[in-house]
Amino acid sequence: MYSFLKIVGNLLPYHLLSYGALLGTELYQSFVNTKICYQALPTKEFIILQKRIFPIYFGTQVGLTALTAATHPPYSIFSLVQDPWSVAPLAVAGLTGFLNWFTYGPRTTTATLARRALQESEHTDFDSDGSKMHRANRNFAQNHAMAIHLNAIAMLATVFYGFSLSATL
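Residues in the sequence shown are numbered from 144 upward in steps of one, following this note's numbering.
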């Protein structure tokens, strides 16, 4: 019984679980969920679903990164700050998730909705040269590309952290 209580009072199991949840969430959302939804849903429904899923995903990404940092063994954040090979990737993952959560995610959603509205609008006759549609497409492409790249950087940082973590176990 004492050994079980010793394990429960140790940060390592919580750290491993939070890190595993972070990496698993990033990989699942990026490579499984989005692809299946894109293939299975009509465009309008896909946009509505993504508008609801991504803020939760980015918030979860930031929260799990913070939880992973807070449970760094043996002494929480106090041990983390003494390990630059661990602090750097977690900081990168947290920062990129934060940027996607508050900046590029909302911008991409707004650009998607604006582009979709232009596509469905009957007033496109007034845009004879297609400049409004071109600007909407460019705005969407820039914000979406930034969100994708930031998410990829976060995943790479999370994997790099896993290597750093495994070196200390």
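All residues carry an ideal CB built from backbone N, CA and C; glycine is no exception.
Sequence-distant residues of the same chain with beta carbon closer than 8 Å to residue i, five excluded per side
i: residue 177; result: 193
Where the alpha helix (DSSP H) through residue i begins and ends
i: residue 215; result: Here residue 215 belongs to no alpha helix (DSSP H), and DSSP marks it neither H nor E.
i: residue 273; result: No alpha helix (DSSP H) contains residue 273, which DSSP labels as neither H nor E.
i: residue 262; result: 248–263
i: residue 241; result: 227–242
Classification of residue i by the beta-carbon crowding that lies within 10 angstroms, buried from 16 upward
i: residue 228; result: exposed
i: residue 217; result: exposed
i: residue 292; result: exposed
i: residue 156; result: exposed
i: residue 262; result: exposed
i: residue 171; result: exposed
Selected residue, minimal CA-CA separation from residue i, among the options
i: residue 125; options: 196, 179, 241 and 185; result: This structure does not reach residue 125, given that the chain is present from 144 up to 312, and the question cannot be answered.
Nonlocal neighbours in the same chain, by C-beta distance under 6 Å from residue i, ignoring five residues either side
i: residue 162; result: 211
i: residue 236; result: 208, 297, 300 and 301
i: residue 150; result: none
i: residue 197; result: 248
Subject >> Three-pair Cβ contact test at 8 Å for the stretch 247–266 versus the stretch 279–292 >> reply: yes
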